[in-house]
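Each residue of the sequence shown is one higher than the one before, counting from 87 in the numbering used here.
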Amino acid sequence: MIVSMKGRILPKALPLCLATSALILTSCETTQDRISKHPEIYQRLSASDQALVSQGQIRAGMSQNAVWLA
Numbered sequence: 087m088i089v090s091m092k093g094r095i096l097p098k099a100l101p102l103c104l105a106t107s108a109l110i111l112t113s114c115e116t117t118q119d120r121i122s123k124h125p126e127i128y129q130r131l132s133a134s135d136q137a138l139v140s141q142g143q144i145r146a147g148m149s150q151n152a153v154w155l156a
């Protein structure tokens, strides 16, 4: 009985899991996307913070906008 239940659940669960994974992956925005959409925020950062943000890195004391861009 348990084996037959697993056999029915897996075919239905697999497409749902794949669709959920695809949605999560496609909704992620890259650092470069955020910089391109908000160049005014990026330009206000110091040169060292711009370098870190461009690499997707943050540091202690960085502004909230810089962390969001990174």
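Note that beta-carbon positions come from the ideal geometry of N, C-alpha and C, so glycine has one too.
Annotated as proximal: Leu155 and Arg120, with beta-carbon spacing under 7 angstroms. With respect to the 7 angstroms criterion, Thr117 and Gly142 are classified as neighbours on the basis of their beta carbons.
Under the three-state reduction of DSSP output, Glu126 falls in the helix class. Residue range 133 to 140 is occupied by the alpha helix (DSSP H) that includes Ser140.
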